[in-house]
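Peer 1: Letter by letter, the sequence shown follows residues 0 to 461 of numbering that gives the first Met the number 0.
Cβ atoms here follow ideal geometry from the backbone N, Cα and C, with glycine treated the same way.
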Amino acid sequence: MLKWRKNLYDTFMDSNLTQLWNTCLGVIESQLTKATFNTWFRNTGISKEEDGVIYIGVPNEFVREWLVTKYQKLILKTIVENLSHIRAIEFVISSLPTPTVSEKNLFSTASQTSALPLQNVFINRDDNLNPRYTFDRFVVGPFNELAYAAAQAIVKRPQHAFNPLFIYGASGMGKTHLIQAIGNEIKKDSPEKRVLYTTLEKFMNEYVISVQNNRQQIFQDKYRKFDILIIDDIQFIAGKEGTQNALFHIFNTLYEQNKHIILSSDKHPNHIIGLEDRLKTRFNAGMTLDIQEPDLESRLAIIKEKTYQTPYPIDAEVITYIASAVTGSIRELEGVLNMIAMHSEMKQKAIGLTDVKLLIKNSVKPKRTISIDSVVKTVSEYYNLDERVIYEKTRRKEIVRARQIIMFVLREDFNESYPSIGAKLGGKDHTTVIHSYEKIKSELSNDPHLMKELEDIRILFK
Numbered sequence: 000m001l002k003w004r005k006n007l008y009d010t011f012m013d014s015n016l017t018q019l020w021n022t023c024l025g026v027i028e029s030q031l032t033k034a035t036f037n038t039w040f041r042n043t044g045i046s047k048e049e050d051g052v053i054y055i056g057v058p059n060e061f062v063r064e065w066l067v068t069k070y071q072k073l074i075l076k077t078i079v080e081n082l083s084h085i086r087a088i089e090f091v092i093s094s095l096p097t098p099t100v101s102e103k104n105l106f107s108t109a110s111q112t113s114a115l116p117l118q119n120v121f122i123n124r125d126d127n128l129n130p131r132y133t134f135d136r137f138v139v140g141p142f143n144e145l146a147y148a149a150a151q152a153i154v155k156r157p158q159h160a161f162n163p164l165f166i167y168g169a170s171g172m173g174k175t176h177l178i179q180a181i182g183n184e185i186k187k188d189s190p191e192k193r194v195l196y197t198t199l200e201k202f203m204n205e206y207v208i209s210v211q212n213n214r215q216q217i218f219q220d221k222y223r224k225f226d227i228l229i230i231d232d233i234q235f236i237a238g239k240e241g242t243q244n245a246l247f248h249i250f251n252t253l254y255e256q257n258k259h260i261i262l263s264s265d266k267h268p269n270h271i272i273g274l275e276d277r278l279k280t281r282f283n284a285g286m287t288l289d290i291q292e293p294d295l296e297s298r299l300a301i302i303k304e305k306t307y308q309t310p311y312p313i314d315a316e317v318i319t320y321i322a323s324a325v326t327g328s329i330r331e332l333e334g335v336l337n338m339i340a341m342h343s344e345m346k347q348k349a350i351g352l353t354d355v356k357l358l359i360k361n362s363v364k365p366k367r368t369i370s371i372d373s374v375v376k377t378v379s380e381y382y383n384l385d386e387r388v389i390y391e392k393t394r395r396k397e398i399v400r401a402r403q404i405i406m407f408v409l410r411e412d413f414n415e416s417y418p419s420i421g422a423k424l425g426g427k428d429h430t431t432v433i434h435s436y437e438k439i440k441s442e443l444s445n446d447p448h449l450m451k452e453l454e455d456i457r458i459l460f461k
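1. Could you spell out the range, first to last residue, of the alpha helix (DSSP H) harbouring residue 455?
2. Could I get the ranges of all uninterrupted alpha helix (DSSP H) runs contained in the region 202-240, with 4 residues as the minimum, in chain order?
3. In the DSSP output, what is residue 56 paired with across the bridge?
4. Do you know whose CA, among 182, 234 and 192, lies nearest residue 202's CA?
5. What does DSSP give as the partner residues of residue 259 in its beta bridges?
6. Check this for me: beta carbons of residue 442 and residue 453, under 8 Å apart or not?
7. Can you name the start and end residues of the beta strand (DSSP E) that residue 164 belongs to?
8. Please classify residue 156 as buried or exposed, where buried requires at least 16 other C-beta atoms within 10 Å of its C-beta.
9. For a minimum of 4 consecutive residues, which ranges assigned as the alpha helix (DSSP H) are wholly contained in the region 267-312?
10. Checking the sheet assignment: what are the DSSP bridge partners for residue 49?
11. Do residue 26 and residue 77 have their C-beta atoms closer together than 8 Å?
12. Is it buried or exposed, residue 84, if we count other Cβ atoms within 10 angstroms and call 16 or more buried?
13. Which value, in whole angstroms, describes the spacing of the CA atoms of residue 397 and residue 266?
14. Could you check the C-alpha separation between residue 35 and residue 74 for me, to the nearest Å?
15. Given that a residue counts as buried once 16 or more other Cβ atoms are within 10 Å of its Cβ, and exposed if not, what is residue 460?
16. For residue 264, which beta-bridge partners are listed by DSSP?
17. On the premise that residue 290 lies in contact with residue 142, defined as a C-beta separation below 8 Å, what is that separation, rounded to the nearest angstrom?
18. Taking only three categories from DSSP, how would you classify residue 326?
19. Taking the alpha carbon of residue 399 as the point to measure from, which residue in 445, 412, 414 and 379 has its own alpha carbon closest?
20. Per the DSSP calculation, residue 194 is bridged to which residue(s)?
21. Whole angstroms is fine: what's the gap from residue 58's alpha carbon to residue 70's?
22. Just to confirm, is the Cβ distance from residue 355 to residue 409 under 8 Å?
23. Cβ atoms of residue 81 and residue 133: under 8 Å apart, would you say?
24. Taking DSSP as the reference, what is the three-state secondary structure of residue 247?
25. Does residue 99 come out as helix, strand or coil in the three-state DSSP assignment?
26. Sorted by chain position, which residues of the same chain lie with C-beta nearer than 7 Å to residue 63's C-beta, five sequence neighbours on each side aside?
27. If you follow the alpha helix (DSSP H) that residue 86 is part of, which residue opens it and which one closes it?
28. Going by C-alpha distance, which of 225, 416 and 188 is nearest residue 328?
29. Which of helix, strand or coil does DSSP assign to residue 351?
30. Any contact of the region 230-244 with the region 183-202, i.e. 3+ C-beta pairs under 8 Å?
31. Would you report the Cα separation of residue 66 and residue 128, rounded to the nearest angstrom?
32. Does the distance from the CB of residue 382 to the CB of residue 263 come in under 8 Å?
33. If you count every other CB in all the chains shown that lies within 10 Å of the CB of residue 445, and 16 or more means buried, which is it?
34. Does the contact criterion of 3 or more C-beta pairs under 8 Å hold for the region 286-304 versus the region 30-47?
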């Protein structure tokens, strides 16, 4: 009889702890981005409660360390709010049972279908949208959360959303994924809406053909019929007068009819050289947001999202190394992961850290560390300037030039982020840094004198 009562009590406690954890997960999810929540809380659960201590089961040491470092206080606070006598929590590595249906619903199904092996993808010719580009598969972090929020607003509150939405950032940061996700979500929620995604190159080619065949009006009518027009890589319109004029009139028609225009570019519209002022003002009239390089935590989340349920799971040590070593674009991360997946497939097993280091050595930029003050001092001395003037607000040509070269060197040679460079050089906006970097980069190909100066400066850092 006592044994029966004990079994009944244990069953009752297990049920209560499962319910408690589901309740806590609901609270925690509301305070984190979907990608972060999915990455770190999937396959977790309460193992037991003993003497006021809750033991939380996690799938591996990697997750355990991350939860202890980042989310222990949040988890404990959430549990105590639901079970006041709890005084501490402990994380233990355990093999948890398969989640119940209710537990599965807490997590996005995107990760379960985002394995690296390529699947057949059919692009709808009516809207050109890639079905793989969805919000569920878009990893959100500090580097892109504003752009993501703006994209969500267009879908959820279209009547109140800004128009146009202009997303800019370096190549490979997920701009195409995000803007196509808007189109796919709108098509899912409102199938009657007419959506079109196109690249500027395709738009321009169609325009040229329409001119050659004297069919400009047909071209204009085609683009004016859409409720949502999405154009990628708008920076390539620079200097194309006829294409700019055609887009100007299409833009005006759609805007006046409250139809949404979504654009992406590798730079801010104000920094697209050769873009007409009338288009710059229109591009800036809605919401202009940038996507920066992902931080370490975001890179970890991206890697885990893209390797979840692969045939040969990547070890936690390898994931940490990749996230630390590959600091460029999301596209570079994907390339590295695809390479690892291919070699794992060939060897029919997961490959270890040593093999991964050899495999991706050419994909990893050597890390060079130096203080910004040291770069300022070196460049200032090279141009015979007092280094203090670099931080001052002045438009003296020689100082502006030296400051632009400092920004270029910090970005190109030492991989400093745009916001970091701007903040440490007198509180400059990161768009100013991007402009300076692009300016020096474009001039290098045509100015041998500048190239020689840069070579001389770089020698000083060796």
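Peer 2: Well, looking at it:
1. The residue you call residue 455 lines up with position 456 of the sequence shown. From DSSP, the alpha helix (DSSP H) with residue 455 extends over 447-459.
2. 215-223
3. Translated into the one-based positions of the sequence shown, residue 56 becomes position 57. According to DSSP, which records beta bridges pairwise, residue 56 is partnered with 44 and 91.
4. Reading the sequence shown from its first residue, position 203 is the one you call residue 202. Checked all of 182, 234 and 192; the closest Cα to residue 202 is 234.
5. Position 260 of the sequence shown, counted from the start, is the residue given in the question as residue 259. Answer by DSSP bridge pairing, in chain order: 227.
6. Translated into the one-based positions of the sequence shown, residue 442 becomes position 443. Translated into the one-based positions of the sequence shown, residue 453 becomes position 454. Not a contact, by the Cβ cut-off of 8 Å.
7. One-based indexing of the sequence shown puts residue 164 at position 165. Note, residue 164: beta strand (DSSP E), 164-167.
8. As a first step, residue 156 is located in the sequence shown; it is residue number 157 there, counting from the start. Looking at its Cβ environment, which holds fewer than 16 other Cβ atoms inside 10 Å, residue 156 is exposed.
9. Fully enclosed alpha helix (DSSP H) runs of 4 or longer: 276-282 and 295-306.
10. Counted from its first residue, the sequence shown places residue 49 at position 50. Beta-bridge pairing links residue 49 to 52.
11. Here the question's residue 26 lines up with position 27 in the sequence shown. Here the question's residue 77 lines up with position 78 in the sequence shown. Their beta carbons are under 8 Å apart, which means residue 26 touches residue 77 by this criterion.
12. Numbered from its first residue, the sequence shown carries residue 84 at position 85. Under this definition residue 84 is an exposed residue.
13. The count along the sequence shown starts at 1 and reaches residue 397 at position 398. The count along the sequence shown starts at 1 and reaches residue 266 at position 267. Cα-Cα distance, rounded: 25 Å.
14. Within the sequence shown, residue 35 is the residue found at index 36, counting from 1. Within the sequence shown, residue 74 is the residue found at index 75, counting from 1. In a straight line, the C-alpha of residue 35 is about 14 Å away from that of residue 74.
15. On the sequence shown, residue 460 is found 461 positions in, with the first residue counted as 1. By the 10 Å Cβ count, residue 460 comes out exposed.
16. The residue labelled residue 264 in the question sits at position 265 within the sequence shown. 167, per the DSSP bridge assignment.
17. Position 143 of the sequence shown holds residue 142. Position 291 of the sequence shown holds residue 290. Residue 142 to residue 290, Cβ: 6 Å. Contact.
18. In the sequence shown, residue 326 corresponds to position 327, counting from 1. Three-state result, residue 326: coil.
19. Numbered from 1 along the sequence shown, position 400 holds the residue referred to as residue 399. Considering only alpha carbons, the answer is 379.
20. Within the sequence shown, residue 194 is the residue found at index 195, counting from 1. Residue 194 is bridged to 227.
21. Sequence index remark: in the sequence shown, residue 58 carries index 59 (1-based). Sequence index remark: in the sequence shown, residue 70 carries index 71 (1-based). Computed Cα separation, rounded: 16 Å.
22. Counted from its first residue, the sequence shown places residue 355 at position 356. Counted from its first residue, the sequence shown places residue 409 at position 410. Not closer than 8 Å, so no.
23. One-based indexing of the sequence shown puts residue 133 at position 134. One-based indexing of the sequence shown puts residue 81 at position 82. No. Outside cutoff.
24. In the sequence shown, residue 247 corresponds to position 248, counting from 1. It is helical.
25. Here residue 99 is taken as the residue at index 100 of the sequence shown, counted from 1. Note that residue 99 scores 43 on pLDDT, short of 50, meaning its location in the model is unreliable and no value can be drawn from it.
26. Numbered from 1 along the sequence shown, position 64 holds the residue referred to as residue 63. 57, 90 and 92.
27. For the purposes of this step, residue 86 is taken as the residue at position 87 of the sequence shown. Premise fails: residue 86 is in no alpha helix (DSSP H) and is neither H nor E.
28. In the sequence shown, the residue the question calls residue 328 occupies position 329. Among 225, 416 and 188, the Cα nearest to that of residue 328 is on 416.
29. Taking the sequence shown and counting its residues from 1, the one referred to as residue 351 is at position 352. Coil.
30. yes
31. Against the sequence shown, residue 66 aligns to sequence position 67. Against the sequence shown, residue 128 aligns to sequence position 129. Cα to Cα, residue 66 sits roughly 37 Å from residue 128.
32. For the purposes of this step, residue 382 is taken as residue 383 along the sequence shown, with counting starting at 1. For the purposes of this step, residue 263 is taken as residue 264 along the sequence shown, with counting starting at 1. Against a cut-off of 8 Å, the Cβ pair of residue 263 and residue 382 comes out as no contact.
33. The residue labelled residue 445 in the question sits at position 446 within the sequence shown. Burial call: exposed.
34. Contact holds: three or more Cβ-Cβ distances are below 8 Å.
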